[in-house]
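**Student:** There's a structure below that I have some questions on.
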Amino acid sequence: MPRLVVIGNGMAGIRTVEEILARDGEGFEITVVGDEPHGNYDRLALSRVLSGAAEESDILLNGLPWYAEHGITLLSGVRAKRIDRFAHRVRLDGREPLRYDKLVIATGGVPFIPDIAGMRVADRGFHQGVFTLRTLDDTRNMIRYARGHQRAVVIGGGPLGLEAARGLQNHGLDITVVHGATHLMDQQLGARAGLVLKHRIAGLGIGVELGARPVAVLGRRRVMAVRLADGRDLPCDMVVVAAGVRPDSAMARASGLVVQRGVVVDDRMRAAGERDIYAVGACAEHRGQVYGALAALWEQAGVLADHITGAASAAYHGSRIVTRVSAAGVDVVAMGVAEPEWPEDEYVVTSSPRLGVHRSVVVRDGRLIGATLVGDIRGAAALVEAFDQGLPLPEDRADLLFDAPAAPDAVSDVPKAPR
Ligand SMILES: Cc1cc2nc3c(=O)[nH]c(=O)nc-3n(C[C@H](O)[C@H](O)[C@H](O)COP(=O)(O)OP(=O)(O)OC[C@H]3O[C@@H](n4cnc5c(N)ncnc54)[C@H](O)[C@@H]3O)c2cc1C
Numbered sequence: 008m009p010r011l012v013v014i015g016n017g018m019a020g021i022r023t024v025e026e027i028l029a030r031d032g033e034g035f036e037i038t039v040v041g042d043e044p045h046g047n048y049d050r051l052a053l054s055r056v057l058s059g060a061a062e063e064s065d066i067l068l069n070g071l072p073w074y075a076e077h078g079i080t081l082l083s084g085v086r087a088k089r090i091d092r093f094a095h096r097v098r099l100d101g102r103e104p105l106r107y108d109k110l111v112i113a114t115g116g117v118p119f120i121p122d123i124a125g126m127r128v129a130d131r132g133f134h135q136g137v138f139t140l141r142t143l144d145d146t147r148n149m150i151r152y153a154r155g156h157q158r159a160v161v162i163g164g165g166p167l168g169l170e171a172a173r174g175l176q177n178h179g180l181d182i183t184v185v186h187g188a189t190h191l192m193d194q195q196l197g198a199r200a201g202l203v204l205k206h207r208i209a210g211l212g213i214g215v216e217l218g219a220r221p222v223a224v225l226g227r228r229r230v231m232a233v234r235l236a237d238g239r240d241l242p243c244d245m246v247v248v249a250a251g252v253r254p255d256s257a258m259a260r261a262s263g264l265v266v267q268r269g270v271v272v273d274d275r276m277r278a279a280g281e282r283d284i285y286a287v288g289a290c291a292e293h294r295g296q297v298y299g300a301l302a303a304l305w306e307q308a309g310v311l312a313d314h315i316t317g318a319a320s321a322a323y324h325g326s327r328i329v330t331r332v333s334a335a336g337v338d339v340v341a342m343g344v345a346e347p348e349w350p351e352d353e354y355v356v357t358s359s360p361r362l363g364v365h366r367s368v369v370v371r372d373g374r375l376i377g378a379t380l381v382g383d384i385r386g387a388a389a390l391v392e393a394f395d396q397g398l399p400l401p402e403d404r405a406d407l408l409f410d411a412p413a414a415p416d417a418v419s420d421v422p423k424a425p426r
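Right, dumping it as structure tokens:
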């Protein structure tokens, strides 16, 4: 039986395995290599574990029995060091190499760590009190450290930073979010929506410093403060770095694969120039684009599974991204452009920092090309449908915002895995 090796026991890697099993359960002898010492869990739900809203056991997607049931060998807590493309082997840390016929790289992303003095201690990694939020172990460590401390600075005012802020606030810490741009979630929101979000977040008692650049983490034995470029010091016991994510493609690059930002793949999710190696998820770069959103990863996993099980015509053409997050408890849905770009674009907006609600749509040539909902996401599902499918719009564009159904739409509509 052909051997399939998957590097990465995360969201995209295991989704791909599930998709393959759903098509051709008997077709491969499957081995999954994952450097985290756990089964497969819902990474998105880590913020709920951090805030105390969920237990670790609640977020487990596939425990160890699932692998055994499907005849999958899981090497957990094992790191893949290098791919020997010519010998079809994966070299592992402290183990015999693994032979593969087909290989899937699903190594995800790693936190981007800005160059800030004092963040790291020579030979010891992060300074005591500095954290990132990517893994279950990160989350456990943050919770443990938060218990004995009072103040945290979160570097980064994107969705992850805001989730970390709210999560730590639930442990009784005073939180300040430091963000370099002039409004929160600037990658997803326009300035007005960002202002509304800031009011909501500030209303929760979370401090927000915008246009602020941390230049140093202070403290000799442990973190004592974060110094900003304007000379102010923000006293704190903890620093959480949530300044973005980069594809984890170092191992692929060292193995000679084509890597730009991520592992470059074609429309079949096959690594550039390779016959038997695929990449999927946050480590993959397709047509110059790296996707972190789960919906995109699911689409990629489906195409990869189709192709690897013999559907030669399967193709991935990229994803239209809709951001749905609960940013520190404030519901946000954003898609397409945030604000009008051309003079002919139609723009309908209602935005009230006082009420903490922003709702806007951008229409071009009769099509919805962008929508932003903050604090009131009623009607989100209909907007997503119009955006995704280019549906005809009401003549009065305001109906898109004000004709929404009364019941709030769910924030997450991530499709369930095939079983
Ligand atoms: C707290 C949090 C909240 C999030 N919320 C959202 C959200 O609301 N919506 C959304 O769309 N996305 C969200 N994301 C992002 C989403 O979780 C990621 O985009 C997604 O997990 C990427 O899936 P992946 O399989 O590519 O990578 P991962 O899930 O990160 O899995 C990669 C796995 O591979 C392992 N690995 C890496 N290198 C090696 C190696 N050499 N050998 C062995 N194993 C290796 C990693 O340790 C990891 O376990 C969130 C992320 C976090 C951390």
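Following this note's numbering, the numbering of the sequence shown begins with 8 at its first residue and continues without gaps.
Beta carbons: idealized from backbone N, C-alpha and C, even for Gly.
#1: Of the residues 407, 15 and 35, which one's Cα is nearest the Cα of residue 88?
#2: To test your reading of the DSSP string, which unbroken beta strand (DSSP E) runs of 3 or more residues are found completely within the stretch 29-108?
#3: Using the Cβ count rule (16 or more neighbours within 10 Å means buried), how would you classify residue 418?
#4: Tell me, which residues are paired with residue 338 by DSSP?
#5: So, for residue 198: in the same chain, excluding its five sequence neighbours on each side, which residues have a beta-carbon less than 6 Å away from its beta-carbon?
#6: Which of the three DSSP states, helix, strand or coil, is assigned to residue 166?
#7: What is the DSSP secondary structure of residue 119, counted as helix, strand or coil?
#8: Confirm the yes/no value for this check: CB of residue 284, any heavy atom of ligand 1, distance under 7 Å.
#9: Determine which residues share a DSSP beta bridge with residue 242 and list them.
#10: Would you check if there are 3 or more beta carbon pairs closer than 8 Å linking the stretch 97-109 to the stretch 208-224?
#11: Count the other CB atoms within 10 Å of the CB of residue 422; is the residue buried (16 or more) or exposed (fewer)?
#12: Might you give, ordered along the chain, the residues of its own chain that have their beta carbon closer than 6 Å to the beta carbon of residue 186, omitting 5 neighbours on each side?
#13: Just checking, does the stretch 275-282 make contact with the stretch 140-150 on the three C-beta pairs under 8 Å criterion?
#14: State the beta-bridge partners of residue 159 as determined by DSSP.
#15: Counting along the chain, where does the beta strand (DSSP E) carrying residue 252 start and finish?
#16: Which word fits residue 35, buried or exposed, when buried means at least 16 other C-beta atoms lie within 10 angstroms of its C-beta?
#17: What's the gap between the Cα of residue 413 and the Cα of residue 407?
#18: To the nearest angstrom, how far is the alpha carbon of residue 259 from that of residue 37?
#19: DSSP beta-bridge partners for residue 137?
#20: Within 7 Å: the Cβ of residue 20 and any heavy atom of ligand 1?
#21: For a test of the three-state rule: what should DSSP assign to residue 10, helix, strand or coil?
#22: Let's test the definition: count the other Cβ atoms within 10 Å of the Cβ of residue 60 and tell me whether it reaches 16, buried, or not, exposed.
#23: CA-CA distance, residue 121 and residue 318?
#24: Rounded to whole angstroms, what is the Cα-Cα separation between residue 393 and residue 41?
#25: At which residues does the beta strand (DSSP E) containing residue 298 begin and terminate?
#26: Taking 8 Å as the threshold (C-beta atoms), are residue 241 and residue 222 in contact?
#27: Name the two residues that bound the continuous alpha helix (DSSP H) containing residue 146.
#28: In whole angstroms, what separates the C-alpha of residue 26 from that of residue 43?
#29: Which residues mark the beginning and the end of the alpha helix (DSSP H) in which residue 203 is found?
#30: Am I right that residue 39 and residue 82 are in contact with their C-beta atoms under 8 Å? What's the rounded C-beta distance?
#31: Looking at the secondary structure, which residues open and close the beta strand (DSSP E) in which residue 257 lies?
#32: Rounded to a whole number of angstroms, what is the C-alpha to C-alpha distance between residue 312 and residue 288?
#33: Would you report the Cα separation of residue 305 and residue 173, rounded to the nearest angstrom?
#34: Looking at ligand 3, does it come within less than 7 Å of residue 42, judged from the CB to the closest heavy atom?
#35: Provide the residue span of the alpha helix (DSSP H) that contains residue 391, from first to last.
#36: Please confirm if the stretch 340-353 is in contact with the stretch 363-379, defined as three or more CB-CB distances below 8 Å between the two stretches.
**Tutor:** Concretely, from the data shown:
#1: Per the Cα distances, 15.
#2: 36-41, 67-69, 80-83, 87-91, 96-99 and 102-106
#3: Caution applies to residue 418, whose pLDDT of 48 falls short of 50 and renders its modelled position unreliable; the value that the coordinates give is listed next. Under this definition residue 418 is an exposed residue.
#4: 333
#5: 190
#6: helix
#7: coil
#8: Relative to ligand 1, the beta carbon of residue 284 is positioned no closer than 7 Å to any heavy atom.
#9: Paired residue(s): 232.
#10: In short, these stretches do not touch, since the Cβ pair count stays below three.
#11: At residue 422, the pLDDT of 41 sits below 50, so the modelled position is not reliable; the number obtained from the coordinates is stated separately. Counting Cβ neighbours within 10 Å, residue 422 comes out exposed, since fewer than 16 surround it.
#12: 164 and 217
#13: no
#14: In the DSSP secondary-structure assignment, residue 159 is bridged to 182 and 245.
#15: Residue 252 -> beta strand (DSSP E) spans 252-254.
#16: Counting every other CB atom within 10 Å of its CB across the protein chains shown gives residue 35 a total of 16 or more, marking it as buried.
#17: Residue placement at residue 413 is flagged as unreliable, the pLDDT there being 47, under the threshold of 50; a coordinate-derived value is accordingly withheld.
#18: When rounded, the distance between both Cα atoms is 20 Å.
#19: 246
#20: yes
#21: strand
#22: By the neighbour-count rule (16 or more Cβ atoms within 10 Å), residue 60 is not buried but exposed.
#23: 43 Å
#24: In this structure, the CA atom of residue 393 is about 39 Å from the CA atom of residue 41.
#25: Residue 298 -> no beta strand (DSSP E), and no H or E assigned at all.
#26: no
#27: Element bounds for residue 146: 143-154.
#28: 22 Å
#29: Boundaries of the alpha helix (DSSP H) harbouring residue 203: 198-210, taken from the DSSP string.
#30: 7 Å
#31: Residue 257 -> not in any beta strand (DSSP E); alpha helix (DSSP H) instead, spanning 257-261.
#32: 13 Å
#33: So the alpha carbons of these two residues sit roughly 28 Å apart.
#34: Of the ligands one can find in the structure shown, namely ligand 1, none is ligand 3.
#35: Segment 387-396, the alpha helix (DSSP H) holding residue 391.
#36: yes
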